[in-house]
Structure formats: structure tokens, C-alpha cells
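Numbering (our numbering), first residue to last: 16 to 451.
Note that beta-carbon positions come from the ideal geometry of N, C-alpha and C, so glycine has one too.
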């Protein structure tokens with residue numbers, strides 16, 4: 016029977032956690048639900064929860080930890096303060112030794128180990144009537160992986176959802192989550208998205224390799240003219256710089272590299288991200304949390320009151336965020352963001368679709384950096400690692416994009432083909448018929 020008691024008002028200063036208790040609750044579950052683990056005595060876990068916590072929160076904690084739960088009610092702001100201090104101190108993700116012997120854990124570990132060995136960016140676990148298959152995205156292309164037996168597939172997906180702090184019982188709604196786990200001596204950060212299908216849930220795991228992100232713009236593959244022009248516009252006193260491209264084109268990497276290129280103690284840099292994929296020193300980073308009402312737009316409204324010199328918005332996804340980003344730029348801040356779009360003009364048209372006027376676009380958008388990742392020429396039948404291809408467009412007085420920094424993406428890819436750096440099949444895969 017769960018016991019819920021209040022801590023006396025003069026006792027909040029004693030609301031601390033021991034490391035073993037913290038390891039019992041997945042980091043992202045704790046942060047999403049404002050749950051602070053306090054103590055662990057071998058089979059019972061003491062936690063602090065907000066008074067307004069959902070009724071099923073304690074049941075979820077039981078399910079996540081497999082322990083009896085004793086809950087105390089504490090102010091949400093106190094819990095969040097303690098969480099912010101407690102979790103960065105954990106250097107090794109917790110793994111339940113009893114679970115390590117489970118076939119499900121062994122299967123998932125093997126899948127992740129395969130992906131790491133193949134330098135995959137994403138793992139796709141796809142259901143079928145006879146079980147499930149695993150596919151990996153390696154250098155932008157899908158490749159076949161393991162198969163998962165019919166009697167284990169649902170359990171493997173449930174294991175992924177459990178690690179990512181999702182509702183394991185809900186198989187009818189798409190869900191998103193994140194987890195950190197130690198595999199083969201490596202600490203892996205992963206972002207998870209599930210989707211219900213007629214044959215079961217599909218899970219996609221994106222592997223986040225913060226250590227492999229470049230420390231600056233020089234390692235991205237930009238030509239000298241684009242690199243110089245992009246460096247110039249991200250040093251503007253105010254305005255908006257947009258990085259455009261489809262999913263998986265490296266937009267987040269470019270944003271991080273741009274921040275690293277500008278970062279320094281003399282600047283106040285803030286970011287709003289979903290998720291925070293890499294911790295940057297001297298940058299105030301805000302993690303989106305829909306459950307707590309922290310959206311791109313709401314976080315940005317607070318950030319502009321923090322006297323920022325530069326603001327990075329991970330992605331413009333809706334009209335509210337678009338207007339907030341352009342409004343911040345018009346108010347005198349430098350804003351870096353990304354948008355799912357094709358080339359420069361397509362990015363600006365997305366803003367127009369979100370209700371931003373061309374007059375505002377012309378007033379504040381300094382440039383649109385469009386990009387793709389192209390695999391290098393195959394050797395022995397296998398393509399090499401990818402490199403970035405970039406097009407930089409500026410904005411004219413009518414709010415339209417004008418490519419004037421070395422040519423379009425198609426022009427640049429044609430140059431790579433001429434130099435033997437890639438082939439036409441890869442160009443067509445990335446750019447479509449525009450490269451034919």
C-alpha cells in the first residue's frame with residue numbers, strides 16, 4: 016500500500032536524493048513527470064511528487080522501477096530545482112542486473128550493438144504478421160538487419176518504450192521518448208518514436224552521438240565561399256538565419272556547429288530544443304516538455320526576457336513558433352533556427368504558410384542555408400561516408416530568396432560528380448530529377 020505524506024514546510028531543505036534511488040527512476044521519466052527519487056532501502060523507493068501529479072503517476076513509477084513506492088508531496092518548483100542538481104551528477108546510466116539476463120534485453124542490446132558497429136543513425140523495428148524485422152539507416156540509406164521472433168517482437172518494443180519513459184500499456188497512440196543506456200562499454204543516447212500499425216507498433220530509435228558532432232563549421236564540408244558568407248551572417252547584430260532541408264539532412268549538426276563557432280564568454284546564448292542532443296558550455300539550453308507546457312513558442316517568450324545576444328530555436332514547426340522567432344529577430348535579437356523545406360525559396364514559403372508576411376521576412380531574414388548529405392563515390396561497391404552540400408541564399412526586398420553564393424545545390428552536386436566525388440545515382444537519390 017502506497018503511503019503519501021506531506022513534508023513539513025520547514026523541511027524542504029532536507030529534500031535530497033541518494034545516488035542509488037536516482038538510478039532507479041529513468042532520467043527522462045523523472046524530468047517529464049517531476050518525480051524526484053529520494054531513498055532506496057532494497058525493495059521500497061521513496062519519491063517526491065507534486066501535489067497536482069496525475070493519479071496514475073505512482074502506478075507508472077511502480078511499473079518503471081518494479082519497487083514498492085512511498086510518495087511524499089512537495090512543491091513542484093522545489094522538485095525541479097533538486098532534479099536539475101541531481102541528474103547531471105549521474106555519470107553511469109542504471110541497468111537492472113536482473114533484466115540483463117532477459118532474452119528481450121539481450122535482443123535489444125544486440126540490435127543496438129549492430130547499429131553502433133555499422134555507424135547507423137537510426138534503427139527501425141518494424142512489425143509484421145510473422146514477427147518483426149530490423150532495418151538500419153547507414154549513411155542515409157536503409158539496410159536490412161536482424162529479424163525478431165514473433166513471440167518477442169512486442170516485448171522488445173515494450174522494452175524500448177519502458178527505457179524511453181513512455182506509456183507501455185498504450186499501444187494505440189504515437190509516442191515519443193528518450194533514454195540513455197550503456198552498451199558494450201559505450202554510453203548511448205537515443206531518441207524514440209513509436210507509431211501504431213495494423214500489425215503492431217513500429218519503433219524508430221535515433222542514436223545520438225554528441226561526441227561525434229563537429230566543434231565548429233570547418234568540419235561540415237562547406238565550400239570556402241559559403242563558409243565565409245555563413246560566418247558573416249551569423250555574426251549579424253540581429254535578424255534570423257534559417258537552416259533548411261529534409262529530415263536527416265544534418266540541420267541540427269549545422270545549428271550546433273554555428274553556435275560553437277559563435278560561443279564565448281562575451282555572449283549570452285540561449286537555445287530551445289527538442290531534444291537537447293548535445294550539451295554546450297556557456298549556452299543556456301531549454302528542453303521542450305509538452306506535458307509541462309514548455310513549447311518552442313512559450314520558451315522563446317521567456318528567453319527574450321533573459322537579455323540574449325543569440326537565440327537558437329531547434330525547429331520552426333508551427334505558426335506560433337514562426338511568429339515568435341520572427342518577432343524576436345525584429346525586436347533586435349539574432350535568431351538561428353531550422354525548418355523542414357527544400358531550397359531557400361521553399362523555406363521562406365513555409366514561413367508565409369505560417370502567416371509571416373513577406374515584409375517581415377524581407378526585414379529580418381539574413382540568409383537561408385539549404386543542405387543535403389551526399390554519400391561519396393562507392394569503392395568496392397560500397398558508398399563512403401557522407402559529406403554536406405550547401406546552398407546559401409539571401410533575401411531580397413520583396414521577401415524572396417536569391418542564390419548568389421556559389422550556385423544552387425544541384426550546381427554543387429554536379430561539380431562533385433565532375434570531380435568524381437559522388438555519382439549520378441546518389442545525386443538523383445538526394446535531389447530527385449532536378450539533378451538528372
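Practice problem: Check whether the Cβ atoms of residue 149 and residue 139 sit closer than 8 Å, and answer yes or no. | Solution: Indexing the chain shown from 1 puts residue 149 at position 134. Indexing the chain shown from 1 puts residue 139 at position 124. Closer than 8 Å, so yes.
Quiz item: Would you call residue 385 buried or exposed, if buried means 16 or more other Cβ atoms sit within 10 Å of its Cβ?
Solution: Counting from one through the chain shown, the residue named residue 385 turns up at place 370. By the 10 Å Cβ count, residue 385 comes out buried.
Quiz item: Are residue 382 and residue 203 touching if we call contact CB-CB under 8 Å?
Solution: Stepping through the chain shown from its first residue, residue 382 is reached at position 367. Stepping through the chain shown from its first residue, residue 203 is reached at position 188. No, Cβ-Cβ distance for residue 382 and residue 203 is not below 8 Å.
Practice problem: Report the option in 79, 44 and 85 whose CA atom is closest to the CA atom of residue 60. | Solution: Here the question's residue 60 lines up with position 45 in the chain shown. The candidate whose alpha carbon is nearest that of residue 60 is 85.
Self-check item: Beta-carbon separation (whole angstroms), residue 260 vs residue 387, contact threshold 8 Å
Solution: Along the chain shown, read from residue 1 onward, the residue named residue 260 stands at position 245. Along the chain shown, read from residue 1 onward, the residue named residue 387 stands at position 372. Correct: roughly 6 Å between the Cβ atoms.
Quiz prompt | DSSP three-state assignment for residue 59, whether helix, strand or coil | solution = One-based indexing of the chain shown puts residue 59 at position 44. Residue 59 falls in the strand class under three-state DSSP.
Exercise. Enumerate in chain order the residues of its own chain whose CB-to-CB distance from residue 111 is below 8 Å, with the five nearest sequence positions on each side excluded.
Key: As a working mapping, residue 111 is identified with position 96 in the chain shown. The predicted position of residue 111 is uncertain, since its pLDDT is 43 and thus under 50; a value taken from the coordinates is nonetheless stated next. Result list for residue 111: 81, in chain order.
Exercise. Taking residue 206 as the reference, give the member of 189, 221, 79 and 33 with the closest Cα.
Key: On the chain shown, residue 206 is found 191 positions in, with the first residue counted as 1. Closest option to residue 206, Cα to Cα, is 221.
Exercise. Using a threshold of 8 Å, state whether the C-beta atoms of residue 168 and residue 146 are closer than that.
Key: Walking along the chain shown from the start, residue 168 turns up at place 153. Walking along the chain shown from the start, residue 146 turns up at place 131. Going by C-beta atoms, residue 168 is nearer than 8 Å to residue 146.
Quiz item: Mind checking residue 397: buried by the 16 CB within 10 Å criterion, or exposed?
Solution: For the purposes of this step, residue 397 is taken as the residue at position 382 of the chain shown. Burial state of residue 397 is exposed, judged by a 10 Å Cβ sphere holding fewer than 16 other Cβ atoms.
Self-check item: Exposed unless 16 or more other CB atoms sit within 10 angstroms - verdict on residue 451
Solution: Along the chain shown, read from residue 1 onward, the residue named residue 451 stands at position 436. Bear in mind that a pLDDT of 45 at residue 451, under 50, signals an unreliable position, so the number given afterwards is only what the model happens to contain. By the neighbour-count rule (16 or more Cβ atoms within 10 Å), residue 451 is not buried but exposed.
Self-check item: At least 3 beta-carbon pairs within less than 8 Å: the segment 405-417 vs the segment 371-381
Solution: yes
Self-check item: N-terminal and C-terminal residue of the beta strand (DSSP E) that residue 405 is part of
Solution: Within the chain shown, residue 405 is the residue found at index 390, counting from 1. In the DSSP assignment, residue 405 falls within the beta strand (DSSP E) that extends over 401-410.
Practice problem: Below 6 Å CB to CB, which residues in the same chain sit around residue 334 once its five sequence neighbours on both sides are set aside? | Solution: Locating residue 334 in the chain shown gives position 319, counting from the first residue. 369 and 370, listed in sequence order.
Quiz item: From 79, 154, 49 and 75, pick the residue whose C-alpha is nearest to that of residue 67; which is it?
Solution: Position 52 of the chain shown, counting from 1, holds the residue named residue 67. Among 79, 154, 49 and 75, the Cα nearest to that of residue 67 belongs to 49.
Quiz item: Which residues mark the beginning and the end of the beta strand (DSSP E) in which residue 137 is found?
Solution: In the chain shown, residue 137 corresponds to position 122, counting from 1. Where residue 137 is concerned, the enclosing beta strand (DSSP E) stretches over 137-143.
Quiz item: According to DSSP, what are the bridge partners of residue 254?
Solution: Position 239 of the chain shown, counted from the first residue, corresponds to residue 254. 349, per the DSSP bridge assignment.
Exercise. Would you give the residue range spanned by the alpha helix (DSSP H) that residue 379 belongs to?
Key: Looking up residue 379 in the chain shown gives position 364. From DSSP, the alpha helix (DSSP H) with residue 379 extends over 373-379.
Exercise. Tell whether a beta-carbon distance below 8 Å holds between residue 284 and residue 324.
Key: The residue given as residue 284 occupies position 269 in the chain shown. The residue given as residue 324 occupies position 309 in the chain shown. Contact flag set, yes.
Practice problem: With distances taken Cα to Cα, identify the nearest neighbour of residue 282 among 291, 394 and 251. | Solution: One-based indexing of the chain shown puts residue 282 at position 267. When C-alpha distances from residue 282 are compared across 291, 394 and 251, the shortest belongs to 251.
Quiz item: What does a CB cutoff of less than 7 Å around residue 409 pick up in its chain, not counting 5 residues either side in sequence?
Solution: Your numbering for residue 409 matches position 394 in the chain shown. Counting only Cβ-Cβ distances below 7 Å, and skipping sequence neighbours, we find 382, 417 and 419.
Self-check item: Per DSSP, cross-strand counterpart(s) of residue 194
Solution: If you number the chain shown from 1, residue 194 lands on position 179. Note: residue 194 sits in a beta bridge opposite 205.
Exercise. Taking only the alpha-carbon atoms, compute the straight-line gap between residue 57 and residue 156 and give it to the nearest angstrom.
Key: Here residue 57 is taken as the residue at index 42 of the chain shown, counted from 1. Here residue 156 is taken as the residue at index 141 of the chain shown, counted from 1. Counting only the Cα atoms, residue 156 lies some 47 Å from residue 57.
Exercise. Please determine, among 142, 41 and 130, the residue with the shortest C-alpha to C-alpha distance to residue 153.
Key: The count along the chain shown starts at 1 and reaches residue 153 at position 138. Taking residue 153 as reference, the option from 142, 41 and 130 with the minimal CA-CA separation is 130.
Self-check item: DSSP state of residue 272 mapped onto helix, strand, coil
Solution: Within the chain shown, numbered from 1, the residue matching residue 272 stands at position 257. Residue state for residue 272 is assigned as helix, using DSSP reduced to three classes.
Practice problem: For residue 433, I'd like the list of residues in its chain whose CB is within less than 7 Å of its CB, leaving aside the five on either flank, ordered along the chain. | Solution: Here residue 433 refers to the residue found at position 418 when the chain shown is read from its first residue. Excluding sequence neighbours, residue 433 sits near nothing in its chain.
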